[in-house]
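Final position of the sequence shown in our numbering is 701; the numbers increase by one with none missing. Idealized CB from N, CA, C, for every residue including glycine. Quick caveat, the model's predicted, so the values are computed rather than measured. Inspection log for the structure reproduced underneath, given as structure tokens.
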Amino acid sequence: MDLWPGAAYPLGATYDGAGVNFALFSEVAERVELCLFDDDGSETRVELPEVDAFVWHGYAPGIMPGQRYGFRVHGPYAPEHGHRCDPSKLLLDPYAKAVDGHVSPHPSLYSYSFDDPAVRNEEDSGPHTMKSVVVSPFFDWGHDRPPRHEYHDSVIYETHVRGLTMRHPGVPERLRGTYAGLAHPATVEHLTALGVTAVELMPVHQFVNDPALVEKGLSNYWGYNTIGFFAPHNGYAAYRGPGQAVQEFRAMVKTLHDAGIEVILDVVYNHTAEGNHLGPTLSLRGIDNASYYRLVEDDPSHYYDTTGTGNSLLMRSPHVLQLVMDSLRYWVTEMHVDGFRFDLAATLARQFHEVDRLSAFFDLVHQDPVISQVKLIAEPWDLGDGGYQVGGFPALWSEWNGQFRDSVRDFWRGEPGTLGELATRLTGSADLYEHTGRKPIASVNFVTAHDGFTLADLVSYNEKHNEANGEDNNDGESHNRSWNCGVEGPTDDPEVRALRARQQRNLLTTLLVSQGVPMISHGDELGRTQGGNNNGYCQDNETTWVDWDLDEDRESLLDFTRRLVALRGRHPVLRRRRFFTGTTGHDGRPDLAWFGPDGSPMSPEVWDAPASRAVMMFVNGAAIDEPDRYGRRVVGDDLLLCFNGQPEPVELTLPGPELAPAWELEIDTALEHAPGTRFEAGNRMPLLDRSILVLRNPARR
Numbered sequence: 001m002d003l004w005p006g007a008a009y010p011l012g013a014t015y016d017g018a019g020v021n022f023a024l025f026s027e028v029a030e031r032v033e034l035c036l037f038d039d040d041g042s043e044t045r046v047e048l049p050e051v052d053a054f055v056w057h058g059y060a061p062g063i064m065p066g067q068r069y070g071f072r073v074h075g076p077y078a079p080e081h082g083h084r085c086d087p088s089k090l091l092l093d094p095y096a097k098a099v100d101g102h103v104s105p106h107p108s109l110y111s112y113s114f115d116d117p118a119v120r121n122e123e124d125s126g127p128h129t130m131k132s133v134v135v136s137p138f139f140d141w142g143h144d145r146p147p148r149h150e151y152h153d154s155v156i157y158e159t160h161v162r163g164l165t166m167r168h169p170g171v172p173e174r175l176r177g178t179y180a181g182l183a184h185p186a187t188v189e190h191l192t193a194l195g196v197t198a199v200e201l202m203p204v205h206q207f208v209n210d211p212a213l214v215e216k217g218l219s220n221y222w223g224y225n226t227i228g229f230f231a232p233h234n235g236y237a238a239y240r241g242p243g244q245a246v247q248e249f250r251a252m253v254k255t256l257h258d259a260g261i262e263v264i265l266d267v268v269y270n271h272t273a274e275g276n277h278l279g280p281t282l283s284l285r286g287i288d289n290a291s292y293y294r295l296v297e298d299d300p301s302h303y304y305d306t307t308g309t310g311n312s313l314l315m316r317s318p319h320v321l322q323l324v325m326d327s328l329r330y331w332v333t334e335m336h337v338d339g340f341r342f343d344l345a346a347t348l349a350r351q352f353h354e355v356d357r358l359s360a361f362f363d364l365v366h367q368d369p370v371i372s373q374v375k376l377i378a379e380p381w382d383l384g385d386g387g388y389q390v391g392g393f394p395a396l397w398s399e400w401n402g403q404f405r406d407s408v409r410d411f412w413r414g415e416p417g418t419l420g421e422l423a424t425r426l427t428g429s430a431d432l433y434e435h436t437g438r439k440p441i442a443s444v445n446f447v448t449a450h451d452g453f454t455l456a457d458l459v460s461y462n463e464k465h466n467e468a469n470g471e472d473n474n475d476g477e478s479h480n481r482s483w484n485c486g487v488e489g490p491t492d493d494p495e496v497r498a499l500r501a502r503q504q505r506n507l508l509t510t511l512l513v514s515q516g517v518p519m520i521s522h523g524d525e526l527g528r529t530q531g532g533n534n535n536g537y538c539q540d541n542e543t544t545w546v547d548w549d550l551d552e553d554r555e556s557l558l559d560f561t562r563r564l565v566a567l568r569g570r571h572p573v574l575r576r577r578r579f580f581t582g583t584t585g586h587d588g589r590p591d592l593a594w595f596g597p598d599g600s601p602m603s604p605e606v607w608d609a610p611a612s613r614a615v616m617m618f619v620n621g622a623a624i625d626e627p628d629r630y631g632r633r634v635v636g637d638d639l640l641l642c643f644n645g646q647p648e649p650v651e652l653t654l655p656g657p658e659l660a661p662a663w664e665l666e667i668d669t670a671l672e673h674a675p676g677t678r679f680e681a682g683n684r685m686p687l688l689d690r691s692i693l694v695l696r697n698p699a700r701r
């Protein structure tokens with residue numbers, strides 16, 4: 001085959017209707033071979049004829065979408081200098097829009113002998129690795145428009161493409177665990193009835209199963225082992241033809257948008273699946289190792305790792321930054337996603353060794369006219385020195401608020417002296433975000449996430465139970481801030497079961513009445529359990545899949561969660577765009593006030609007392625009398641939130657009529673009072689142990 005010179009931009013494989021332009025960056029390459037594969041696996045190799053600014057390129061007329069391809073890079077193999085070119089290894093295009101096949105655990109993937117790492121292994125890896133696929137850029141988006149929910153109006157649902165639908169009886173078996181299954185009417189109906197505004201999908205970039213897990217009969221279920229930053233994972237496609245995952249993913253996004261649901265991707269740009277110096281050569285390692293990866297300065301044969309996975313991308317390299325930004329822009333413009341959650345985002349801020357919130361990556365994001373306009377959420381930590389950066393990210397960014405999770409868990413499991421901390425989290429964590437000019441939406445609040453106990457397990461287990469992971473229960477977090485309510489694991493004791501159900505309602509209610517952006521972990525609304533496994537990363541089975549076979553208790557929890565989400569939607573005062581000030585408004589009442597159980601204002605002595613575990617929080621609906629983005633005035637109801645974290649009931653004296661003449665019940669986590677029950681100002685009323693009341697001022701309507 002003859003290749004025309006083609007163009008150095010854009011990188012990757014670009015179909016123009018008559019052929020395909022191929023372009024690959026490698027500063028260290030001496031020559032690059034394009035490898036084309038027929039359906040029977042036979043390979044044709046042809047050298048890319050041109051190189052400009054270290055981009056090797058060529059145009060192949062007549063090549064069509066569906067064509068499988070890869071690269072072989074000829075250059076120095078000198079690990080001691082950071083170079084690992086090896087033309088015996090077929091390399092995945094870093095810009096591949098689709099991937100065919102999977103990596104099989106085979107020695108040919110490694111450039112050294114297992115018996116003696118000093119001996120080269122030049123066996124061809126082509127038959128044992130994945131292939132890049134040329135895709136068509138065309139898709140009928142129709143009138144697709146992003147829902148564009150304001151941050152403060154958002155309720156995020158963290159979910160897994162496979163785990164959400166694998167056991168769903170309303171989804172046809174052939175579609176379960178796929179993009180098409182997530183877009184199925186039965187799944188969409190659950191999401192819309194729940195009232196969430198966005199799904200946050202755990203990694204859907206093409207990822208690799210760890211050989212060590214495969215040997216144990218397990219797999220990388222979570223998917224935090226990316227190898228392709230542009231390609232939707234082919235294992236989640238119901239239709240497995242080359243490149244079909246791209247169209248199926250687009251159809252899923254279009255369907256969710258039609259239902260008013262945004263799509264946020266959990267993305268892993270901090271490392272790749274090639275691992276440490278003993279890992280396989282799959283893509284970047286063989287293309288230009290020293291340009292893509294952070295290497296140990298005094299020993300370039302090893303990788304500087306802040307992720308715990310063996311390698312970290314070199315975020316000061318312009319080519320790495322281009323790769324990441326091109327990928328982000330592609331997912332927004334061509335795949336229509338609405339935002340990103342960045343795994344171990346502190347690593348992205350490491351230009352050298354320190355975490356720098358003014359690093360080049362953030363500069364690029366902030367000036368980019370596409371990326372700066374979507375939702376940007378950081379997991380604000382990594383495993384390196386100074387890696388815990390909650391509250392440390394710049395404007396435009398929201399963060400997973402780990403302190404919210406810890407504080408709420410501690411309060412409801414009965415830790416002393418946590419009332420003041422709870423109040424700070426309820427009001428949007430101003431201590432973390434206000435000093436940098438950010439608003440409550442900087443805080444993505446969560447009690448549970450994919451990593452750790454499910455909500456049901458959080459109130460059922462004191463200890464992790466990860467034996468099935470094959471690591472002798474040594475993996476996973478040991479300090480879970482959980483409480484089993486008196487019995488470890490499943491029980492038939494009706495009192496324990498009732499307390500666990502109430503604790504789940506308490507945790508969900510606290511989450512959904514707090515200022516900031518709430519995130520629900522999938523299945524928590526259904527009482528999902530992992531049997532005490534708090535590290536289900538390798539359990540692609542019923543341990544982690546959502547169980548849709550609901551008994552009466554789980555149906556009740558689902559109904560309660562729907563009511564909570566609807567409550568948040570009805571009351572703008574729970575979705576403020578600004579922090580509380582404590583000052584008196586034009587109606588003569590403060591925007592926020594705190595009262596003890598006796599109805600008197602909270603004093604510093606009461607806040608600081610270790611035994612203080614009950615409080616009433618008044619929020620003034622008139623205090624948010626401010627225009628929204630369209631100039632409309634927003635005025636909400638007054639709410640009185642009553643919390644009792646004590647192990648015994650408390651008698652409340654409601655505030656006097658200067659705040660409200662009476663209150664009506666919206667939510668009771670103890671299920672003692674019916675919604676709409678009226679309580680007069682100044683009256684006394686019992687508040688059951690470990691429970692919450694949400695009351696509304698009916699005079700506002």
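| Item | Value |
| --- | --- |
| For Ser521, which beta-bridge partners are listed by DSSP? | Glu158 |
| Could you give the residue range of the alpha helix (DSSP H) that holds Gln503? | 494-513 |
| Taking its Cβ as the centre, do 16 or more other Cβ atoms sit within 10 Å of Gly312, making it buried, or is it exposed? | Checking the sequence shown, residue 312 turns out to be Ser, not Gly. Ser312 is buried by the Cβ-count criterion. |
| Determine which residues share a DSSP beta bridge with Pro87 and list them. | Paired residues: none, contrary to the question. |
| Return the residue from the list Ala60, Ala430, His465, Pro172 that minimises the CA-CA distance to Asn749. | In the structure as shown, the chain starts at 1 and stops at 701, and residue 749 therefore has no counterpart that could be examined. |
| Grouping DSSP H, G and I as helix and E and B as strand, with all else coil, what is Met252? | helix |
| According to the neighbour-count rule (16 or more other Cβ atoms, all chains shown, within 10 Å of its Cβ), is Gly217 buried or exposed? | exposed |
| Identify whether Ser556 lies in helix, strand or coil by the three-state DSSP scheme. | helix |
| Going by other Cβ atoms of all chains shown within 10 Å of its Cβ, with 16 needed for buried, is Val296 buried or exposed? | exposed |
| Just mark Leu24 as buried or exposed, buried being the case when its beta carbon has 16 or more other beta carbons within 10 Å. | buried |
| For Glu672, which residues from the same chain have a beta carbon less than 7 angstroms from its beta carbon, with the 5 sequence-adjacent residues on both sides left out? | Leu688 |
| Is Trp4 helix, strand or coil by DSSP? | strand |
| For Met1, count neighbouring Cβ atoms within 10 angstroms of its own Cβ and tell me buried if that reaches 16, exposed if not. | exposed |
| Relative to the alpha-carbon of Arg145, which residue among His190, Asn644, Glu262 has its alpha-carbon at the smallest distance? | Glu262 |
| According to DSSP, simplified to helix, strand and coil, what is Asn683? | coil |
| What is the DSSP secondary structure of Ala13, counted as helix, strand or coil? | strand |
| What three-state label does DSSP hand Leu182 in the structure shown? | helix |
| Assuming Asp299 is part of the alpha helix (DSSP H), what are its boundary residues? | Looking at the DSSP string, Asp299 is not in any alpha helix (DSSP H); the run it does join, the beta strand (DSSP E), is 299-303. |
| Using a Cβ-Cβ cutoff of less than 6 angstroms, which residues in the same chain neighbour Leu574 once the five nearest sequence positions on both sides are dropped? | Val513, Arg568 |
| Who are the Cβ neighbours of Pro76 in its own chain at under 7 angstroms, not counting the five residues just before and after it? | Val28, His83, Cys85 |
| Counting C-beta neighbours from all protein chains within 10 Å, is the total for His703 16 or more, i.e. buried, or is it exposed? | Any property of residue 703 remains undetermined from this structure, which presents the chain solely from 1 to 701. |
| Which two residues bound the contiguous alpha helix (DSSP H) that contains Arg285? | 284-292 |
| CB Thr306 to CB Leu383, shorter than 8 angstroms? | yes |
| What is the DSSP secondary structure of Ile261, counted as helix, strand or coil? | coil |
| In whole angstroms, what is the alpha-carbon distance linking Arg45 and Asp52? | 21 angstroms |
| Here's a check: name, in chain order, each residue in its chain whose Cβ is nearer than 6 angstroms to the Cβ of Arg409, leaving out the five neighbours to either side. | Arg481 |
| Looking at the secondary structure, which residues open and close the beta strand (DSSP E) in which His81 lies? | It is not in any beta strand (DSSP E) - His81 carries neither H nor E in the DSSP assignment. |
| Identify, in the order they occur along the chain, each residue of the same chain with its Cβ nearer than 6 angstroms to the Cβ of Gly516, setting aside the five sequence neighbours on each side. | Gly428, Pro440, Ser443, Asn445 |
| The alpha helix (DSSP H) with Gly228 in it runs from where to where? | Gly228 -> not in any alpha helix (DSSP H); beta strand (DSSP E) instead, spanning 226-232. |
| What is the C-beta distance between Thr165 and Arg174, in whole angstroms, given that I count them as a contact (C-beta under 8 angstroms)? | Actually they do not touch by this definition, with Cβ atoms about 11 angstroms apart. |
| Pull up the distance between the alpha-carbon of Glu471 and that of Val133, whole angstroms please. | 37 angstroms |
| Using the C-alpha atoms, what's the distance from Gln503 back to Gly585? | 35 angstroms |
| Which residue from Ile692, Pro655, Gly414 puts its Cα closest to that of Asn683? | Pro655 |
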